[in-house]
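The structure appears right after this line, and notes come after that.
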Amino acid sequence: MRRFLFFPLLALLFLSAKSAMAQRKAKSIYARDNLVAWCIVPFDTKNRGPVERAEMLNQLGITKLAYDWREKHIPTFDEEFEACRKHHIKFEAFWLYSGPNPEEDKGLQAVFEVLKRQKAKMQIWCMIGGIKGLDAMSEEEKIKAVARPVEYIADRAAELGCTVGLYNHGGWFGEPENQLKIIAYLKKPNLGIVYNFHHAEEHIERFPVFFPKMLPHLMALNLAGLKKGNPVKVVPIGQGDAEAGMMRIVQQSKYRGPIGIINEDTAPDAEVGLRLNMDGLQKILKSWGDTATLKTYQ
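Those letters in the sequence shown? Residues -22 to -1, 1 to 276, by mature numbering (1 follows the signal peptide of the UniProt record, and there is no 0).
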């Protein structure tokens, strides 16, 4: 009798597993539980501390945080990790900015020290600047000059089990095509790209062209509204006329990583800014008829 029951049970388990896999695959990247709060530390007139910030995210139903900071926040790095743990928020990413000599950068060293103390394996969103004479260099010289600090940071991150995403923020370094050249030059397995709509004013028209090339290296993507014009304006999500098309391209791709919901350039109060962008995201989802994803916001 047991033998006869075994095969139907096995088939049921197989179908359940297959159904679960299909649901995970079909799940939208724009679901609430895939959103990462970004630009909510220095860009917050209420100057929330780690606990207040975690409580705010709990109220909004956002379960992930990407941490942008300034020098004054270094003493509370550990408190931020503790607050996230207590409030069940995943510490998704740690931002950093460095220059041509990162080994001498005290802020960067503070980041690596806290990641080591906390045994945190996470994304590092990296910007490189301050390289003198970059504009006058040949393309090959630019790649080598920027690759040197990136390589140091990527190697240090690898020792901690962390990945490094090159963060677009204008200039030569902020162009996706140039970031791809740096990645190809260094060939580091833990090196990728973090792409930001709020620094994509010059990218709208060519986004469909470079996005497929960037896709294999894409670690995270941060949303914003983009209103075409001269100049292009960064606006809240849903108030532009370009972001929905770009979002659709991302949605229809194989990208399944985190989606940043930001506050920068949106509102002085981080909570107000996050709500405004979440409302705009839902407006776009509604226009697509994506009722399944909208339910995750209820």
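We put the beta carbon where it would ideally sit given N, CA and C, even for glycine.
For asparagine 168, there is no enclosing beta strand (DSSP E), as DSSP marks it with neither H nor E. With 16 or more other Cβ atoms inside 10 Å of its own Cβ, asparagine 255 counts as buried. Excluding five sequence positions before and after valine 124, the CB atoms of its chain that fall closer than 7 Å to its own CB belong to Ile106, Ile109, Phe151, Ile160, given in chain order. Serine 76 and leucine 263 have their C-alpha atoms spaced approximately 37 Å apart. Between the alpha carbons of isoleucine 215 and asparagine 200 lies a distance of about 11 Å. As for any alpha helix (DSSP H) of minimum length 4 sitting wholly inside the segment 37 to 69, the runs are 55 to 64, ordered along the chain.
Distance from the Cα of tyrosine 8 is smallest, within the candidate group Glu30, Leu259, Trp266, for Leu259. DSSP places valine 19 outside any alpha helix (DSSP H), giving it a letter other than H or E. The C-beta distance from leucine 193 to lysine 232 rounds to 7 Å, short enough to fall under 8 Å.
Annotation for threonine 269: the continuous alpha helix (DSSP H) segment containing it runs 269 to 272. Secondary structure at isoleucine 237: strand, using DSSP grouped into helix, strand and coil. Cβ atoms of valine 212 and glutamate 179 come within 8 Å of each other, at about 7 Å. Just measuring C-alpha positions, the residue of Ala44, Gly207, Arg31 sitting nearest tryptophan 16 is Ala44.
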